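Worksheet: the structure to be examined is printed underneath.
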Amino acid sequence: FAAARERGSYFHAGGARLEVSQGDAVALMRARRRHFDAVDLDPYGCVAELLPAAVESLRDGGLLCASCTDLGALSGRYGDGCARRYGADPLRAAQKQAPELALRLLLGCVSRAAKGRA
Numbered sequence: 032f033a034a035a036r037e038r039g040s041y042f043h044a045g046g047a048r049l050e051v052s053q054g055d056a057v058a059l060m061r062a063r064r065r066h067f068d069a070v071d072l073d074p075y076g077c078v079a080e081l082l083p084a085a086v087e088s089l090r091d092g093g094l095l096c097a098s099c100t101d102l103g104a105l106s107g108r109y110g111d112g113c114a115r116r117y118g119a120d121p122l123r124a125a126q127k128q129a130p131e132l133a134l135r136l137l138l139g140c141v142s143r144a145a146k147g148r149a
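Written out as structure tokens, the structure is:
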């Protein structure tokens, strides 16, 4: 992909056109409003700051895939971080349910990001 990126190449896979680019993901998604059929977010850490731009860049019926590596914040271990990043206060006493609660907090964050989309 590195050589293709330097040439500005496009790939064709199963009838789909894939463009390789390098730059600010938020700026790219904001510049291409309702352009993508699918957006896959896999940052190192928090995904929340990418969600509004990702939702806006999706076409109607598009697929949003999001993952995050900050389970400590989502599970309540670092409650202030969760409130700051995801706008929610996790239940600190529910450690056995941490993965489920983290998923629910992430889905709530996605829902809030999509709320403004008309």
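Plus 31 on top of the position in the sequence shown (first one is 1) and you've got my numbering.
Cβ atoms here follow ideal geometry from the backbone N, Cα and C, with glycine treated the same way.
A quick note: this is a predicted structure, and the numbers were derived from the prediction, not measured.
Secondary structure at GLY139: helix, using DSSP grouped into helix, strand and coil. Residue range 102-105 is occupied by the alpha helix (DSSP H) that includes GLY103, with no beta strand (DSSP E) assigned at that position. The C-beta distance from LEU81 to LEU72 rounds to 5 Å, short enough to fall under 8 Å. Cα atoms of GLY76 and ARG116: separation of roughly 10 Å, rounded to the nearest angstrom. For ALA129, the CB contacts under 6 Å within the same chain, skipping 5 residues up- and downstream, are SER106 in chain order. Per DSSP, the continuous beta strand (DSSP E) segment holding ALA69 begins and ends at 67-72.
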